[in-house]
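Residues in the sequence shown are numbered consecutively from 97, following our numbering. Glycine residues also receive a C-beta, built at the ideal position from the N, C-alpha and C atoms.
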Amino acid sequence: MFFTNKGRVFGIKAWEIPESSRQAKGQALVNLLNLEQGEEIRSILPMAKDSEIKNLIMATKTGLIKKTKISEFENLRASGLIAIKLRNEDQLVSVHPTTGEDHIILLTKGAKSIKFPEANVRPMGRATTGVTGIRLDKEDELIGMEVFPAKETIPADKRKKFFRDILTIAEKGLGKRTPVHLFPVQKRAGKGVKAAVVTDKTGSLKTAIMVTQNIDQVVITSRMGQVIKLPLKNIPQLGRATQGVILMRFADKADSVAAAAVLEKGGVDEEESIE
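And the structure:
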């Protein structure tokens, strides 16, 4: 399932995507999907027939959130269907599957966050706009949403360290990890609490990603093409009301963070490097 910034969803069978080697460039999605000009993929969700997923949660740039039963997406096609109805200049930011008993956390570029139970969001049809997830200040916008179990299953083997953090990275390269339990559970549609301290020194938050003990590396890219890969363990766990530490220094003072991604343990060969 491919979800776009314009609120559409496309469906393709896995076997319909050409198989390539790891070194190959791959095929442009525009050749597989009927994308419009300016339409970008925001979330990709693999769906198995025996999946336990019950709902999909969608979040938009203006802080709206919508839950739709997975059964609404059974008859997808490459030409696309409406997944969420968007108002004016709003855009779809993130989509996650849920079990019906999860917690949701929303994060904004102004470093606000709100965590609430999935049960606070009632199911709605595909062609609807959703409800308020977080109330934003005038210049703020949503940059990320994460979903996680309300009740964690801690590994029986105590030697295996367990954690679930929110990794936040600001425009000017500062970042940190904050344990999810430090974010209080609130009611949906509030203004939220601080996820980080942002100033002229840090710039606004650019990305917010959930990380666990299964994550090994973090890859950060800049607007001017600079790339850095660093171990997750080197990023400190800090409280919500902190700025973080410098994760990336820029060759050009005018440069800033563009995006970040995480790599799971064993997901990249040791000899593989990022150029």
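* Would you call the stretch 210-230 and the stretch 185-198 in contact, with 3 or more CB pairs under 8 Å? -> yes
* Asked: Buried or exposed: where does isoleucine 375 fall if 16 or more other Cβ atoms within 10 Å of its Cβ makes it buried?
  -> Limits of the chain in this structure are 97 at one end and 371 at the other, which puts residue 375 out of reach.
* Environment of arginine 218 [buried if 16+ CB atoms lie within 10 Å] -> Counting C-beta atoms within 10 angstroms of its own C-beta, arginine 218 has fewer than 16 neighbours from the protein chains shown and is therefore classed as exposed.
* Rounded separation between alanine 110 and alanine 304 - CA only -> 29 Å
* Asked: Given alanine 155, which residues of its chain have a CB within under 7 Å of its CB, disregarding the five upstream and five downstream residues?
  -> Same-chain partners within the cutoff: Ile161, Val189, Ser190, Leu202, Gly229, Leu238 and Met241.
* Range covered by the beta strand (DSSP E) that runs through aspartate 312 -> 311-318
* **Sequence-distant residues of the same chain with beta carbon closer than 8 Å to valine 293, five excluded per side** => Ala207, Ala337, Thr338 and Gln339
* Asked: At which residues does the beta strand (DSSP E) containing valine 358 begin and terminate?
  -> Where valine 358 is concerned, the enclosing beta strand (DSSP E) stretches over 353-360.
* To do: Return the residue from the list Arg183, Lys268, Glu148 and Leu129 that minimises the CA-CA distance to glycine 226.
  => Arg183
* To do: To the nearest angstrom, report how far apart alanine 357 and glycine 269 are at their CA atoms.
  => About 14 Å.
* To do: Return the residue from the list Leu301, Asp351, Arg260 and Val353 that minimises the CA-CA distance to leucine 328.
  => Arg260
* Asked: Relative to the alpha-carbon of lysine 157, which residue among Phe346, Ser117, Glu170 and Lys181 has its alpha-carbon at the smallest distance?
  -> Lys181
* On the three-state DSSP scale, how would you describe leucine 301? -> strand
* Which residues share a DSSP beta bridge with proline 372? -> Residue coverage of the chain in this structure runs from 97 to 371, which leaves residue 372 outside it and unanswerable.
* Asked: What are the start and end residues of the beta strand (DSSP E) that includes phenylalanine 244?
  -> Per DSSP, phenylalanine 244 belongs to the beta strand (DSSP E) from 238-245.
* leucine 129 versus Gly159, Ala120 and Met97, residue with shortest Cα-Cα distance -> Met97
* Along the chain, where does the beta strand (DSSP E) that runs through methionine 154 open and close? -> 151-156
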